[in-house]
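Engineer: Chains as they are written, first to last, in our numbering: chain R, 664 to 1206; chain S, 15 to 251.
The C-beta atom is built at its ideal place from N, Cα and C for all residues, glycine as well.
Quick caveat, the model's predicted, so the values are computed rather than measured.
Have a look at this one.
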Amino acid sequence: MLLLIIKTKILSLKNSVNAKLMLRRLPFIAIGIVFLFLFYIGTYKALSYIRGIEFFGEILSRKLFSMTFFSLLVFLILSNIITAISSFYLSKDIPFLLSKPVEIRDILRLKTFEAFMNSSWMVFLFMPPVFIAYGISYGAAADYYLLILGCFLLFSLITAGIGITIAHILTRLFPAKRTRNVLLGTGVFFLLLIYFLIKGLIPQDINTPERFINSIMSFKTESPMLPSYWITEAVFPILKKSGFSIFYPIILLSNASFFLLLSEITGLRFYRVNTERIQPSGEMARRGILGGYYPEVNTAMFYKDIKTFFRDTGQWSQGFIIGALIMIYVYNFKTIPVKALLGFPFIKEIMVLVNLVLSGLVLSAVSARFIYASVSLEGQAFWIIRTSPIDINRFIRSKFLYGFIPVTLLMLILVFLTNLAMNIRGILMYLSLGTVLMLCVSVSGLGTGFGAIYPKFKYENIASVSMSIGGMAFMLIAFSVVIATLSLEAWIFYVHNLKGAMDMSGKIQIAVSLIMIILINAIAFYLPMRIGRKKLQEQTGII
Amino acid sequence: MIILDNISKSFNATHAVRSISLTVNTGEIFGIVGPNGAGKTTTIRMMTGLLMPDEGRIMIGEYDIVNESIKAKSILGYVPDKAFLYEKLTAREFLIFISAIYSIPKSEAVSRTDEMLELFGIKDVEDDLIESFSQGMRQRLLFASALIHNPEVFFIDEPFMGLDPFGVRMLKGVIKDLSSKGVTIFLATHSLHIAEELCHRVGFMNKGSIISIKTKDEISGIEGGLEGLFLKMTAFV
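Shown next, in the form of structure tokens:
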């Protein structure tokens, strides 16, 4: 029976993929491959540098390996808990499966498979460049690649078993919809705690390489009780060609079996009771926000989106994560020893540039989550817009404003605060705020447009929209716009201040760079929204 | 008034609707019946602007649904067969939102909202989130939202789905009342006895074409009524 259900799922997947769709996605796949290649190059270069450090190189390389798996352990367990709650309890096919003569055990196994795939696919996609970089750097043979793939699969299954077990227990304690948010909040709190703990361990004056290495080494990730330790111990000897022991692969295998079994036993104990507790019941809404306000036709969409946003806990709970990222971001800038660095030429300008690059990265990620997903947020209720006398232009404008206003406010505050933390004021402050404002306009337009070109109206969790191929492509393109703009600005600065640019050639270079900045941002803002409007008018997929 | 002038629609190589021409007069209730996959819903979706016809022209009142879509949509109301709504709004908020996108002034919107909530028997749940509504309550809310702007033309796809007998009776009354006030009604249904009771004319659709149109009087004169005619027309007997 289990195989039959899985076969149905695979058939659904197969039927949803066709040549035409693949052709449309081809540019994104190409962008993804380029990104993976660049990721490999970056990892390889970093690893080569680290291994080149005298005395400590090899120790640091191994430490980096185990720290990577330690981070993955935490990330995958958290990811498995969240996806398990969705797959086991909030998924749309649950009522169907429960009404059929299917054993609970089979449903649990199917959902385990689903939760495992949904929570781990991205890690499986992004980790190979790291594995290959290690393999090439150490000149490893084919057995290394086979071993790391097998061990990594077992490692991921352990995290799935742990995550699913916790998900069943948490849903027993809280209703499923709240569990996800309670968990997200708790997870972010713990991540922050870990971060500040590590930050506390590392001395503030990391002036010498020895002190820096000492502080890294003092970070304990290598407890023999952790799967990240087992995978390091299983793989590293093969990597260094110092023999092979079956002990740690067996430990991984037995633990993967144990935790999967534990998740099944917990599921058999709690699943039926839990599914009964999540049936919908009447829920009164508070009129609080925008209570007696009556919108005009221009603001009606905005009114609806704001109301929906504040009621959909799945939406704003993502704010926890963004809030945590921003805290870490501002805190990092606060701890930069600005005074000590003042002797370096143009250090303030360089710090402003680095700050803008990092804020551009935050802008791309936040926009993917809130702006790219805003059109898809209509869900299958999009027919209401399509049959009402609302012009699609007006709809897209409203979606643009819905994302642009909060994201711009957030980014301006972020850059303002980090600049203040670095004691940057005057013209540099105005220039960086102006740049961020311009990037917010273009990236918001790009996000709204991309969201309209690739809407995903049938989703189970809105967070999954930004993780789709279109969402990933948007994030990469948005960040490319940021990098292109900042590179041109840096070039203008270079020509103006360093090349002695007041001759004709310098003036032309500055003028061309300025025109290109305007062009890149104008195209990023305008073109996707235009194509998106056309695509939405032709959209028949939701109805 | 609705005019369909030789409309066709294909999906890939499949003809969903083939060369349909039809006029539904002001105040008329026109029913369309046919087996599953006959093209009823596709026809309604073209008339409401959800799909574009490959060929032909559709007039809603005096407006072309393709070239003057905003004007045409402002005078039509639509209740689809699948009721996807904004789950995180309350019934009242949803009706206020719909009023706003139809540019109804505030005072009128509030009074129309109260009137619709009362008429469709959902006043006592007006502040509940839609996500907690049963299918019948969703259907009532859909009707309320489709009629809040006093449409001149009303499209209904499977109107009685999920409604209890009280709901069905109430809805039949509403449809008759709208018709008597001059609203043109086009409904697609599998409930043949209701179509027989409500519709002034009934069209039989099969494989994308309207194969026959009968008036109420013609149907009542036939043995077995609409059901007998349906089975005969669609070649199941």
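Under the three-state reduction of DSSP, which class applies to E241 of chain S: helix, strand or coil?
Structural biologist: DSSP places E241 of chain S in helix when its eight states are reduced to three.
Engineer: Report the neighbours of A1126 of chain R on chain S: residues whose CB is nearer than 8 angstroms to its CB, in chain order.
Structural biologist: Simply none; closest approach about 16 angstroms.
Engineer: Identify each residue in the region 65-91 of chain S for which the Cβ-Cβ distance to at least one residue of chain R is less than 7 angstroms, and report them in chain order.
Structural biologist: L65, I84, K87 and S88
Engineer: Report yes if the C-beta distance between G217 of chain S and G41 of chain S is below 7 angstroms; otherwise report no.
Structural biologist: no
Engineer: Measure the beta-carbon distance from S750 of chain R to E777 of chain R and round it to whole angstroms, keeping in mind my assumption that it falls under 8 angstroms.
Structural biologist: 5 angstroms
Engineer: Consider the Cβ of T971 of chain R: report whether some Cβ of chain S lies at a distance smaller than 7 angstroms.
Structural biologist: yes
Engineer: How many angstroms separate the CA atom of R59 of chain S from the CA atom of L761 of chain R?
Structural biologist: 34 angstroms
Engineer: Where does I225 of chain S sit, in a helix, a strand or coil, going by DSSP?
Structural biologist: strand
Engineer: Specify whether the region 909-919 of chain R and the region 809-819 of chain R touch according to this definition: at least 3 beta carbon pairs, one from each stretch, less than 8 angstroms apart.
Structural biologist: Judged by Cβ distances under 8 angstroms, the region 909-919 of chain R makes contact with the region 809-819 of chain R, as three or more pairs qualify.
Engineer: Flag S1051 of chain R as yes if its beta-carbon sits less than 7 angstroms from any beta-carbon of chain S, otherwise no.
Structural biologist: yes
Engineer: I'd like the span of the alpha helix (DSSP H) that includes P1133 of chain R, first residue to last.
Structural biologist: Pro is not the amino acid found at residue 1133 of chain R; the sequence shown has Gly there. I1132 to N1160 is the extent of the alpha helix (DSSP H) around G1133 of chain R.
Engineer: Would T57 of chain S and V31 of chain S be called neighbours here (beta carbons separated by less than 7 angstroms)?
Structural biologist: yes
Engineer: Count the other CB atoms, across all protein chains shown, that sit within 10 Å of the CB of D142 of chain S; report buried if there are 16 or more and exposed otherwise.
Structural biologist: buried
Engineer: Return the first residue and the last residue of the beta strand (DSSP E) that M73 of chain S is part of.
Structural biologist: E69 to I74
Engineer: Just mark M685 of chain R as buried or exposed, buried being the case when its beta carbon has 16 or more other beta carbons within 10 Å.
Structural biologist: exposed
Engineer: Whole angstroms are fine: how far does the CA of G222 of chain S sit from the CA of A158 of chain S?
Structural biologist: 31 angstroms
Engineer: Just the C-alpha distance for G1269 of chain R and R714 of chain R, rounded to the nearest angstrom, thanks.
Structural biologist: This structure does not reach residue 1269 of chain R, given that chain R is present from 664 up to 1206, and the question cannot be answered.
Engineer: Please list, in chain order, the chain R residues whose beta carbon lies closer than 9 angstroms to that of L103 of chain S.
Structural biologist: A948, K967, K970, T971 and R974
Engineer: Just tell me which of R:L1040, R:M785, R:G798 and R:M790 has its CA closest to the CA of E101 of chain S.
Structural biologist: R:L1040
Engineer: Which same chain residues, not among the five before or five after I224 of chain S, have their C-beta less than 8 angstroms away from its C-beta?
Structural biologist: I34, L36, I46, G217 and F218
Engineer: Using a cut-off of 7 angstroms between C-beta atoms, extract the partners of E959 of chain R located in chain S.
Structural biologist: A114
Engineer: Would you list the residues sitting across from T104 of chain S in a DSSP beta bridge?
Structural biologist: S:L143
Engineer: If contact means a Cβ-Cβ distance below 9 angstroms, which residues of the region 752-768 of chain R contact chain S?
Structural biologist: none
Engineer: Comparing C-alpha positions only, which one of S:I79, S:N39, S:G48 and S:L65 sits nearest to K23 of chain S?
Structural biologist: S:L65
Engineer: Please identify the residue among R:I1087, R:R1049, R:I1053 and R:S1030 whose C-alpha is closest to the C-alpha of P1069 of chain R.
Structural biologist: R:S1030
Engineer: Report the residue from R:Y1065, R:S800 and R:R835 whose alpha carbon sits nearest the alpha carbon of F728 of chain R.
Structural biologist: R:S800
Engineer: Would the region 1006-1024 of chain R and the region 1079-1097 of chain R be scored as touching if the rule is three or more Cβ pairs under 8 angstroms?
Structural biologist: yes
Engineer: Touch check for the region 86-105 of chain S and the region 929-939 of chain R: three-plus C-beta pairs under 8 angstroms?
Structural biologist: no
Engineer: Terminal residues of the continuous beta strand (DSSP E) containing G217 of chain S?
Structural biologist: R215 to N220
Engineer: What are the start and end residues of the alpha helix (DSSP H) that includes Q786 of chain R?
Structural biologist: The residue asked about is misnamed: residue 786 of chain R is Val in this sequence, not Gln. First-last of the alpha helix (DSSP H) with V786 of chain R: I767 to F789.
Engineer: Between which two residues does the alpha helix (DSSP H) carrying N1056 of chain R extend?
Structural biologist: I1055 to A1084
Engineer: Pick out the complete beta strand (DSSP E) segments inside the region 23-67 of chain S, 3 residues or longer, and give them in chain order.
Structural biologist: Within the region 23-67 of chain S, the complete beta strand (DSSP E) runs of at least 3 residues are 28-38 and 43-47.
Engineer: How many Å lie between A1187 of chain R and F200 of chain S at the Cα?
Structural biologist: 44 angstroms
Engineer: Between the C-alpha atoms of G945 of chain R and I1048 of chain R, what's the straight-line distance to the nearest angstrom?
Structural biologist: Confidence at G945 of chain R is low in this model, with a pLDDT of 48, below 50, so the placement of that residue should be treated as unreliable; the coordinate-derived value is given next. Distance between the alpha carbons of G945 of chain R and I1048 of chain R is about 26 angstroms.
Engineer: Out of R:L1100, R:M1135 and R:S724, state which residue places its alpha-carbon closest to the alpha-carbon of L902 of chain R.
Structural biologist: R:S724
Engineer: Quick one: Cα of R1193 of chain R to Cα of L1182 of chain R, how far?
Structural biologist: Put simply, the backbone Cα of R1193 of chain R is about 16 angstroms away from that of L1182 of chain R.
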